[in-house]
Amino acid sequence: MVTTLRPATAADAAGIGPCHLACWRETYAGLLSPEFLAARSAERFTANWAQLLADPATPPVVVAEVDGEVVGFAQTAPSRDTPPARDEELVSLYLRAARHGSGLGQDLLDAVLADRPASLWVAEENSRARRFYERNGFAADGERAVLEASEGLA
Ligand SMILES: CC(C)(COP(=O)(O)OP(=O)(O)OC[C@H]1O[C@@H](n2cnc3c(N)ncnc32)[C@H](O)[C@@H]1OP(=O)(O)O)[C@@H](O)C(=O)NCCC(=O)NCCS
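The numbering of the sequence shown is this note's numbering, which starts it at 107 and goes up by one.
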């Protein structure tokens with residue numbers, strides 16, 4: 107088994123798109139409606155990623171591959187919040203469920219953020235991710251938001 111962590115290139119949209127959708131389905135099965143999740147398509151996710159990765163203004167994305175298959179990815183960007191809790195935001199960190207507990211999630215976080223301060227949003231019900239973030243020094247600051255399920259959900 108060969109595990110690789112590297113910066114994403116435009117050619118990675120075809121790998122990240124289906125991985126992103128699979129992670130959504132694994133992570134949000136109890137949170138988003140089955141109809142909403144079933145209606146999402148890997149092609150649409152891939153097209154969104156193709157657009158993002160082709161844009162030179164897109165902040166760097168790190169991908170994790172196992173034997174050539176994308177199994178996770180992470181991205182930071184300038185905070186989208188006003189006012190920002192931190193200048194930088196961890197906007198996505200996704201790892202396929204089959205790889206949870208392998209250390210790859212930690213590797214992705216370390217690769218994309220190192221020890222810089224950052225903010226992030228996490229679903230209240232996402233106990234595993236919250237525990238992982240707490241272990242990495244993040245703490246809930248009490249901010250809460252209700253999101254409509256949409257393509258824009260990171
Ligand atoms: C977030 C993520 C990258 C973390 O990677 P991981 O490999 O699962 O993390 P680890 O196994 O190193 O750590 C998970 C922690 O949660 C604990 N845990 C596992 N299942 C849990 C559960 N159901 N409830 C609470 N804690 C749980 C583990 O014991 C571990 O804590 P510990 O370090 O105190 O032992 C990964 O779970 C993931 O990609 N999840 C799906 C996508 C996601 O939720 N992304 C975050 C969106 S904001």
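Even for Gly, the Cβ is constructed at its ideal location relative to N, Cα and C.
Just so you know, these numbers come straight off a predicted model, no measurement behind them.
| Query | Result |
| --- | --- |
| Considering only heavy atoms of ligand 3, does any lie closer than 7 Å to the CB of S233? | You won't find ligand 3 in this model; what it holds is ligand 1. |
| Between L137 and T115, what straight-line distance do the alpha-carbon atoms span, to the nearest angstrom? | 31 Å |
| When the distance is taken between beta carbons, is A170 closer than 8 Å to D118? | no |
| Determine the direct distance from the alpha carbon of D187 to that of G207, and round the result to whole angstroms. | 30 Å |
| Does DSSP put S233 in a helix, a strand or coil? | helix |
| Looking at the structure shown, is E171 part of a helix, part of a strand, or coil, going by DSSP? | strand |
| Output the distance between the C-alpha atoms of A191 and S147, rounded to the nearest integer angstrom. | 33 Å |
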